[in-house]
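> Encoded as structure tokens, here's the structure I'll be asking about.
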Amino acid sequence: MGARTGSQFLDGLRRTRREIWVDGEKIADVTAHPKLRGGAESLAALYDRQHEYASECLYKDPDSGELTNVSHMTPRSKDDLWRRHAGLVRLSEASMGIMGRTPDYMNMKFAAFASAPKVWAGADGRNERGARNIVAFQRHLARADVSLTHTIIQPTIDKRTDGKVAGNKVMVRKVSETADGIIVRGAKVLATLAPYADEQTVYPGQPLPADAKEHALAFAIPLDTPGLKFICRDSVAAPGADPFDKPLSSRFDEQDAFCIFDDVLVPWDRVFIDGDIAIYNSLRDTGYHINMVTQSSIRALTKLEFAYGLASRMAELIGDQSPATTEMLGELAAYVRLTANAIELSLEQARERSDGVWFPNGAALDPMRSILPMWMPRVAEIITLIGSHNLLTTPSRAELADPTLRPLIDEMLHGADGATADERAQVFRLAWDFVGSALGGRGFLYERFYLTSAARNKQMLHTRFFDRTRSQALLKDMLSRGRRAD
Ligand SMILES: Cc1cc2nc3c(=O)[nH]c(=O)nc-3n(C[C@H](O)[C@H](O)[C@H](O)COP(=O)(O)OP(=O)(O)OC[C@H]3O[C@@H](n4cnc5c(N)ncnc54)[C@H](O)[C@@H]3O)c2cc1C
């Protein structure tokens, strides 16, 4: 089939029965429920958008010949990478980067996974079946244009002992196997997009110790698999709200869910890793982390650009040219430019893997995982500081439409330089929905943790990923100069 339309996406959600709980209610139809409909419609619009911007968002899949979303691409050149980049930018603009887990995020990961079947098979080919399964699954993703969710993090029960994974009876694990597949039990966090997904996946997040074989699993299952349950966080949507009043909450709650596997059968053809710790811990060799940080940096850049535009207009609307505000706007501009620099550099320095598959230079993007979780909360703080009480003096559409109130609002609540009361209310409402609403609060948590915490990312950058050669050489040079002086 290839790239789906919005209505095909919604039909798919309706067809797949799923166990989704939101605010104490088991939701029968996620496309119709007031708390979920806005998100479903925004994602449907995203599926339509790929056709609207087909020259950027779609490519002809060389295997199927079908027009397919660029996020499924296995790039074979630098041009392919730039082509994919243009499509990802277009997709991120659909929600101004506010929806972090649009399906292209997972598509990118699985494209990298399937590009390296040898990693999945193991050096001696002992997991050939798993390797075949991952390749077939990725083909299915691309051809059916599937919406995927995933859970890869161990739930927290007791941080003093959670680190000892072997024997952990909470984290998802294999409990038995049958002729049809493996039975898994336990939980994982946190399935963003679960109500809007067609399938659920589990694969390596953090490395496992050698004795945690039962937890060394990678697999995918349809959302309607018996025993698969999702307990969503409280909705941050604004059911029935006028989009003027709640421009983001009425559209962009992508949801997050605690995922329970209550003795779930995973069919053999959907098992990618079954207890092989060495293969489980080797998946970085597929390059999936580069694709992941590529998509997430592009999405973050769009959000930063949007935030900069929003904050700048807020300042104009209240005639705020103070040094403090101007400095903060410059700070936002710096975040935008630095993020764009990292993305562009990663593409300019793109590399061909030995098998002809191309990746952006991951080293240019790795630091974004440490720095964006700190910049994004600061962005929200800047918008709050510029906005001040103006974030709350925002008549609703109904109040603006009231004939008795309107003349008073026009007289007393217009903007600077002749800006209308409508525009002022609209912009500051948007800002409050961005930083102060329940959706804004969830966005704050998301940006801090969705690619693990900044703390962990910084530690990994220093201990594992950063090339310190030049820093060490400079130090050595300086120290040697000191010795020469002696
Ligand atoms: C909104 C949202 C959506 C998410 N979506 C998904 C999803 O779709 N799929 C998925 O699998 N996961 C998802 N996650 C889960 C996410 O992957 C985890 O929350 C993330 O890995 C962080 O793990 P943690 O919550 O255990 O926090 P931790 O990493 O344990 O961090 C908690 C606190 O401890 C501090 N800390 C932790 N380790 C150290 C250390 N070594 N040194 C110093 N300080 C430290 C951190 O700074 C932080 O303040 C999502 C999370 C959120 C909040």
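The sequence shown runs 68 to 553 under the numbering used here. Glycine residues also receive a C-beta, built at the ideal position from the N, C-alpha and C atoms. Predicted, not measured: the structure shown is a model, and the values here were computed from it.
1. Should residue 517 be counted as a contact of ligand 1 given a C-beta to heavy atom distance under 6 angstroms?
2. Tell me the DSSP secondary structure of residue 180 in three-state form.
3. Go through its chain and collect everything with a Cβ distance to residue 80's Cβ below 7 angstroms, but skip five positions before and after it.
4. Measure from the alpha carbon of residue 148 to the alpha carbon of each residue in 167, 525 and 123, then state which is nearest.
5. Just mark residue 547 as buried or exposed, buried being the case when its beta carbon has 16 or more other beta carbons within 10 Å.
6. Exposed or buried, which one is residue 433 when buried takes at least 16 other CB atoms within 10 Å?
7. Between the Cα of residue 255 and the Cα atoms of 189, 246 and 268, which residue gives the shortest distance?
8. Considering only residues of the same chain and omitting the five flanking positions on each side of residue 502, which have a CB-CB separation below 7 angstroms?
9. Kindly indicate the opening and closing residues of the beta strand (DSSP E) around residue 329.
10. Starting from residue 235, trace the beta strand (DSSP E) in both directions and tell me its first and last residue.
11. Which residue wins for smallest C-alpha separation from residue 364, given the options 538, 93, 224 and 438?
12. Could you give the uninterrupted runs of the alpha helix (DSSP H) lying entirely in the stretch 73-149, keeping only those of 4 residues or more?
13. Measuring only the C-alpha atoms, how far is residue 287 from residue 518?
14. Could you check whether residue 307 and residue 101 sit closer than 7 angstroms to each other, using their CB atoms as the reference points?
15. Based on Cα-Cα distance, which residue from 223, 386 and 257 lies nearest to residue 485?
16. With DSSP collapsed to three states, give me the class of residue 489.
17. Indicate, with yes or no, if ligand 1 has a heavy atom lying under 6 angstroms from the CB of residue 78.
18. So, at 7 angstroms on beta carbons, what are the nonlocal neighbours of residue 498 in its own chain, with the 5 sequence-adjacent residues on each side left out?
19. List the DSSP bridge partners of residue 218.
20. In this structure, how does DSSP classify residue 243 when only helix, strand and coil are distinguished?
21. Taking Cβ positions, are residue 303 and residue 506 nearer each other than 7 angstroms?
22. So does residue 327 have its beta carbon nearer than 6 angstroms to some heavy atom of ligand 1?
23. In chain order, what residues of the same chain lie with their CB nearer than 8 angstroms to the CB of residue 483, ignoring the 5 residues before and after it?
Straight from the coordinates:
1. yes
2. The answer is helix: DSSP assigns residue 180 an H, G or I state.
3. 97, 98, 107 and 263
4. Measuring from the Cα of residue 148, the nearest candidate turns out to be 123.
5. Exposed, because fewer than 16 other Cβ atoms sit within 10 Å of the Cβ of residue 547.
6. Classification of residue 433: buried, given that the 10 Å Cβ count is 16 or more.
7. 268
8. 447, 450 and 451
9. Taken as a continuous stretch (DSSP letters only), the beta strand (DSSP E) holding residue 329 covers 324-334.
10. Premise fails: residue 235 is in no beta strand (DSSP E) and is neither H nor E.
11. 438
12. 73-82, 101-119 and 121-124
13. 20 angstroms
14. Taking the C-beta atoms as reference points, residue 307 is found nearer than 7 angstroms to residue 101.
15. 386
16. helix
17. no
18. These residues qualify, in order along the chain: 377, 381, 450, 454 and 458.
19. Paired residues: none, contrary to the question.
20. It is a strand residue.
21. Using a Cβ distance threshold of 7 angstroms, residue 303 and residue 506 count as a contacting pair.
22. no
23. 383, 384, 385 and 386
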